[in-house]
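Residue numbers (this note's numbering): 8 to 303. No residue lacks a Cβ here, since even glycine has one placed at the ideal position from N, Cα and C. Below is one structure; the comments refer to it alone.
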Ligand SMILES: Cc1cc2nc3c(=O)[nH]c(=O)nc-3n(C[C@H](O)[C@H](O)[C@H](O)COP(=O)(O)OP(=O)(O)OC[C@H]3O[C@@H](n4cnc5c(N)ncnc54)[C@H](O)[C@@H]3O)c2cc1C
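Structure (structure tokens):
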């Protein structure tokens, strides 16, 4: 039997974003706690030792982080960092960001999705984080708040490596904004089973029909999420935008170029070769779903 010993943990609970910022000014190296589905695992399993003077600041119930705004004129969706996967998988959010809803439905279990937040997924920045390829494919913008005020970063600049981000000491993620695109979008992942599974490979494809572009982001196949720029450029020129069709050759090449963008590793979940093959298949299938009108 494994006995888990956790020391009592004091948690500061600011009531507003301003209060949270003031708390962080006093405790710049405080640990932020949202749904706790990553952080509490780290603490309970002893991978993060809470020192006596280390503060924990709960941000998961801050009204400013719990809310979202859909702007139909700008065609954007601004998600507070503490919006949960359970909210993302349902209407109305699912209608504006369908790939994010699809990714949300693959996260953990209903219990995990009720607690787990998009901000927590971003801050943990695991290469296997299911929300992250979607945010990367959508060119999401992350809003950060610290003592020096607000700054925004494209999500691909926010994610700097394996569990590494551009978040500075004393800063928190306030929101992430995605465009509401006109075009098909979807997320797919490969794991060892259908639920409660960490992605061995994941991919998000998002079509911008008016802009005639295809965006493709890959997860679990590099230190952090990567965009497959060559595959995207190939799709933009080989898709027949009028009939919404793509040839088998073009779809196959799209898969190969996606695989070429990956730099996976062998680990206990899969080999690098398997991961590369998995993203090739995922990318090709996603392109086929986006443009189902058969071969040219
Ligand atoms: C059983 C189980 C299954 C899981 N399955 C999946 C899965 O299928 N796919 C997947 O992607 N993930 C999965 N996870 C991981 C986890 O649920 C997600 O990463 C989740 O999105 C984390 O969100 P949270 O709110 O729980 O974060 P927390 O655990 O509260 O925090 C995570 C990290 O983010 C920081 N943080 C939180 N909020 C902010 C903020 N606003 N600003 C700055 N930093 C912040 C915290 O300090 C901490 O470092 C699983 C976890 C468990 C326990």
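Problem - Buried versus exposed, by CB contacts within 10 Å (16 or more), residue 182 - result: As a first step, residue 182 is located in the chain shown; it is residue number 175 there, counting from the start. By the 10 Å Cβ count, residue 182 comes out buried.
Exercise for the section: Grab the span of the alpha helix (DSSP H) containing residue 118 for me, first residue to last. Expected result: The residue you call residue 118 lines up with position 111 of the chain shown. Looking at the DSSP string, the run of the alpha helix (DSSP H) that includes residue 118 is 117-122.
Handout entry: Distance between residue 122 and residue 44 (C-alpha atoms, nearest Å)
Key = As a position in the chain shown, residue 44 is number 37, starting the count at 1. As a position in the chain shown, residue 122 is number 115, starting the count at 1. Taking the straight line joining both Cα atoms gives about 7 Å.
Handout entry: Sub-7 Å separation of residue 230 and residue 136 beta-carbons
Key = Taking the first residue of the chain shown as position 1, residue 230 is located at position 223. Taking the first residue of the chain shown as position 1, residue 136 is located at position 129. Not in contact: residue 230 and residue 136 (Cβ atoms no closer than 7 Å).
Problem - Cβ contact (3+ pairs, closer than 8 Å) linking the segment 93-108 and the segment 186-199 - result: yes
Exercise for the section: With a threshold of 16 other CB atoms inside 10 Å of the CB of residue 17, please say whether the residue is buried or exposed. Expected result: By 1-based counting over the chain shown, the position of residue 17 is 10. Classification of residue 17: exposed, given that the 10 Å Cβ count is below 16.
Practice task
Flag residue 38 as yes when its Cβ comes closer than 6 Å to any non-hydrogen atom of ligand 3, and as no otherwise.
Solution key: This structure lacks ligand 3; its bound ligands are ligand 1.
Problem - Burial state of residue 283, where buried means 16 or more other Cβ atoms lie within 10 Å - result: The residue given as residue 283 occupies position 276 in the chain shown. Burial call: buried.
Exercise for the section: Evaluate residue 203 with the Cβ neighbour count: other Cβ atoms within 10 Å of its Cβ, from every protein chain shown; 16 or more gives buried, anything less gives exposed. Expected result: Counting from one through the chain shown, the residue named residue 203 turns up at place 196. With fewer than 16 Cβ atoms within 10 Å of its Cβ, residue 203 is classed as exposed.
Handout entry: residue 272 Cβ short of 6 Å to ligand 1 heavy atom set
Key = Translated into positions along the chain shown, residue 272 becomes position 265. Flag unset: Cβ of residue 272 not near ligand 1.
Exercise for the section: With DSSP as the reference, please indicate the residues paired to residue 272 in a beta bridge. Expected result: Working through the chain shown from its first residue, we reach residue 272 at position 265. DSSP lists no partner for residue 272.
Practice task
Please work out which residues of its chain come closer than 8 Å, Cβ to Cβ, to residue 237, disregarding the five sequence neighbours upstream and downstream, and give them in chain order.
Solution key: Indexing the chain shown from 1 puts residue 237 at position 230. Correct list, in chain order: 264, 267, 268.
Handout entry: Same chain, Cβ closer than 7 Å to residue 300, neighbours up to 5 away in sequence not counted
Key = Locating residue 300 in the chain shown gives position 293, counting from the first residue. Correct list, in chain order: 250, 251, 252.
Handout entry: Close Cβ partners of residue 141 (< 7 Å) along its chain, the five nearest in sequence each way excluded
Key = Locating residue 141 in the chain shown gives position 134, counting from the first residue. Once the five neighbours on either side are set aside, the close Cβ partners of residue 141 are 106, 107, 110, 194, 211.
Problem - Top-ranked residue by Cα proximity to residue 239, from 92, 215, 158 - result: Indexing the chain shown from 1 puts residue 239 at position 232. Cα-wise, what sits closest to residue 239 is 215.
Practice task
List the residues that DSSP assigns as beta-bridge partners of residue 58.
Solution key: Translated into positions along the chain shown, residue 58 becomes position 51. Paired residue(s): none; residue 58 is not in a bridge.
Practice task
Out of 293, 68, 196, state which residue places its alpha-carbon closest to the alpha-carbon of residue 255.
Solution key: Counting from one through the chain shown, the residue named residue 255 turns up at place 248. Nearest option by C-alpha distance: 293.
Problem - DSSP state of residue 178 mapped onto helix, strand, coil - result: To locate residue 178, count along the chain shown from 1; it is residue 171. Residue 178: coil per DSSP, three-state reduction.
Problem - Distance between residue 67 and residue 52 (C-alpha atoms, nearest Å) - result: The residue labelled residue 52 in the question sits at position 45 within the chain shown. The residue labelled residue 67 in the question sits at position 60 within the chain shown. Rounded to whole angstroms, residue 52 to residue 67 spans 22 Å at the Cα level.
Problem - Cα-Cα separation, residue 208 to residue 248 - result: Working through the chain shown from its first residue, we reach residue 208 at position 201. Working through the chain shown from its first residue, we reach residue 248 at position 241. Their Cα atoms are separated by approximately 28 Å.
Practice task
Below 6 Å CB to CB, which residues in the same chain sit around residue 128 once its five sequence neighbours on both sides are set aside?
Solution key: Residue numbering aside, residue 128 sits at position 121 when the chain shown is read from its first letter. Here the set comprises 136, 138.
Handout entry: Integer-rounded CB distance, given that residue 143 should sit under 8 Å from residue 184
Key = Within the chain shown, numbered from 1, the residue matching residue 184 stands at position 177. Within the chain shown, numbered from 1, the residue matching residue 143 stands at position 136. Not a contact, Cβ separation roughly 14 Å.
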